[in-house]
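Residue numbers (our numbering): -15 to 695. The C-beta atom is built at its ideal place from N, Cα and C for all residues, glycine as well. Since we're looking at a predicted model, the values are computed, not measured.
Quick look at the structure:
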């Protein structure tokens, strides 16, 4: 029984003796610095880069097999900046030899000091960390075999023990040559405590992130406990927390944001990840989520629920040093909350069950980014009510025209957005609102269909409830050329004029119903160019309407009685009733020209022409009115008195002035007196006419007869 034991002990003793002899031989007879040229050549062959081993290589033997390096550099990829890709001040790794006999890897520590990594993307989109040399089929096969052997070796290991990993005072520089954007990660310190499979391991990371140009700085701290399975199939993270203290230039106080994840599981065999109780806290903003996903090669899918609790957007903008505009409503943008379910892939983003509250306006619907590459967006939202005027600049900073229609407002908004963004975006969206307040006007049961693709915008708007009538409008904006092209077509039907003018804050007083339509076109790079080029047609018809502030019939009656000037104070509270008032107009250079204005009252038939300057809101109309002698019947047309009555409408839209051409009325009076005189002195006039013909010549008498109404 003792003989086998002696044999085993003898073999072990011999092996130990051989190991000791080998270790001392390596330590005393081999200088690793002699192999620097071979190491440099191998790196050059595999990467195409120059490795410069500046410091000495040092070996340590028994009970730890270790190697330490001094400073070293690795050159950059050809075509990039003339600087090192990697620089390192020092590194150190030590491995316990004796545990290898029992298939255990026991690393005392692994340390990198002063690591500097320069990452760069050039104008062609190439990275300086991409692999350069191609690997031929033989090398690939050999690599696969080696990988399999290495995997078998790892799987056969009973235990991997790691005393700790430390990266001290590291720095990463990132720069994009195409956009001139850059980031600097410095003072990076990573510490991982003693590691063993299937046991909790503590991890701590600190560093500083800066944007050199903007003055942005963020100090980060990350801590977590993670567990790695022995077969490297599952990775579990517990109580992970990332804290960032963000300083933005010109901000009085830094922003402290914390991202915490209670549990996260990464399963390589199932290629899945799950994160529960995710919470982001920044000032008064709290975002919570539960997320899960799968990944397969370069394809991944992520889904989950996200909730952003109530927060104050104004306070957030102030903290981020975003200038808060002086809005009409001082309480606008003071309360908001968000909830949605998210589903994402490597090329798309889908938000479902969206619930957004902004200042008590509730939005619900969906939003999809169909392609990150082509920026294709599909949005479908409904809301109860939205008061856009609350978010417009205050009156002291903004003078809004009361005559802007919904489509014109959309035109102004398109000019406010960057042209490059509109040329890239592809949007298909629908918005439904129970009520919309815009520029003082209220549109009920409002619908908007917006389609935009590579600079071509089409918008269809409608409101089934628009001051007891309806509104519809179509807008087309083409931004694909040097000058933006505009085409607008809007229509209102049976709209209550009095209510519309009241909400427009117009001093002009008018009642009745109106039907109207306008078709406009224009082009220009700026709003001013567009205004000067807009032209088109306008059609309107008022029915059963009253214009307050003057009484046309009273003015006519007074003019027949006296030639004195009409006292407008006597008629300011009067009104004129029109059974109809219509016209067809042309818009050019901000001026509406009307050549066929037609109006009818109980006693008058009016025709006229003139213009309205939309820039100054000044009126200039000349009207001709005829008194109705006999109303139209089934068998005869309407009959008028012979003498037309001239009338001028000037002033502004808010305060129009009405004036009669009294001289025309006086001429009619004189004609009546002359006719009476001719009738009473008929014989005398005939005698005078005959004598004139005899002395002067025939024809002159006929002229005088015409003058006196005799033919």
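By the 16-neighbour rule on beta-carbons within 10 angstroms, residue 535 is buried. Contact between residue 277 and residue 256 holds, since their C-beta atoms are separated by about 7 Å, short of 8 Å. Around residue 225, the same chain offers 207 and 244 as residues with beta carbons nearer than 6 Å, after the five sequence neighbours per side are excluded. DSSP places residue 584 in the strand class (E or B) of the three-state scheme.
Taking C-beta atoms as the reference points, residue 420 and residue 372 count as a pair closer than 8 Å. The three-state reading of DSSP puts residue 538 in helix, counting H, G and I together.
Where residue 487 is concerned, the enclosing alpha helix (DSSP H) starts and stops at 481 to 487. Taking a 10 Å sphere around the C-beta of residue 109, we find fewer than 16 other C-beta atoms and assign the residue as exposed. Each residue's CA atom was taken as its position, placing residue 460 and residue 576 some 22 Å apart.
Straight across, the Cα-Cα distance linking residue 438 with residue 392 is about 21 Å. Distances from the CA of residue 599 to each of 609, 612 and 574 were compared; the closest alpha carbon is that of 574. In this structure the region 96 to 110 touches the region 65 to 74; the number of beta carbon pairs closer than 8 Å is three or more.
Residue range 239 to 251 is occupied by the beta strand (DSSP E) that includes residue 241. For the beta strand (DSSP E) assignment, the uninterrupted runs of no fewer than 3 residues enclosed by the region 328 to 352 are, from N- to C-terminal side, 333 to 342. Boundaries of the beta strand (DSSP E) harbouring residue 159: 149 to 160, taken from the DSSP string.
Counted as a single uninterrupted DSSP element, the stretch harbouring residue 389 is not any beta strand (DSSP E), since DSSP gives it neither H nor E. An exposed status is given to residue 240, since fewer than 16 other beta-carbon atoms sit within 10 Å of its beta-carbon. Residue 60 sits buried, since 16 or more C-beta atoms from the chains shown fall within 10 Å of its C-beta. Residue 328 and residue 335 have their C-alpha atoms spaced approximately 9 Å apart. In this structure, residue 97 lies near residue 153, with their beta-carbon atoms less than 8 Å apart.
When DSSP states are grouped into helix, strand and coil, residue 631 belongs to the strand group. Looking at the backbone, the Cα of residue 158 and that of residue 323 are separated by about 35 Å. In the three-state reduction of the DSSP assignment, residue 514 falls in the helix class, which pools H, G and I. CA-CA distance, residue 571 to residue 500, rounds to 14 Å.
DSSP places residue 464 in no beta strand (DSSP E); its state is neither H nor E. DSSP, read as helix, strand or coil, puts residue 185 in strand. Between residue 311 and residue 376, the gap from beta carbon to beta carbon is short of 8 Å. The C-beta of residue 596 has 16 or more other C-beta atoms within 10 Å across all chains shown, which makes the residue buried.
With contacts defined by Cβ atoms closer than 8 Å, residue 77 and residue 64 do not form a contacting pair.
Taking 3 residues as the minimum length, the beta strand (DSSP E) runs contained wholly in the region 186 to 223 are 200 to 212, in order along the chain. With a contact defined as Cβ atoms closer than 8 Å, residue 204 and residue 193 qualify at about 6 Å. Here DSSP, grouped into helix, strand and coil, assigns residue 359 to coil. Excluding its 5 nearest sequence neighbours in each direction, residue 643 has C-beta neighbours in its own chain below 6 Å: 632, listed in chain order. Counted as a single uninterrupted DSSP element, the beta strand (DSSP E) harbouring residue 643 occupies residues 640 to 644. By the C-beta criterion, the region 470 to 480 is judged not to be in contact with the region 426 to 441, since fewer than 3 inter-stretch pairs fall below 8 Å.
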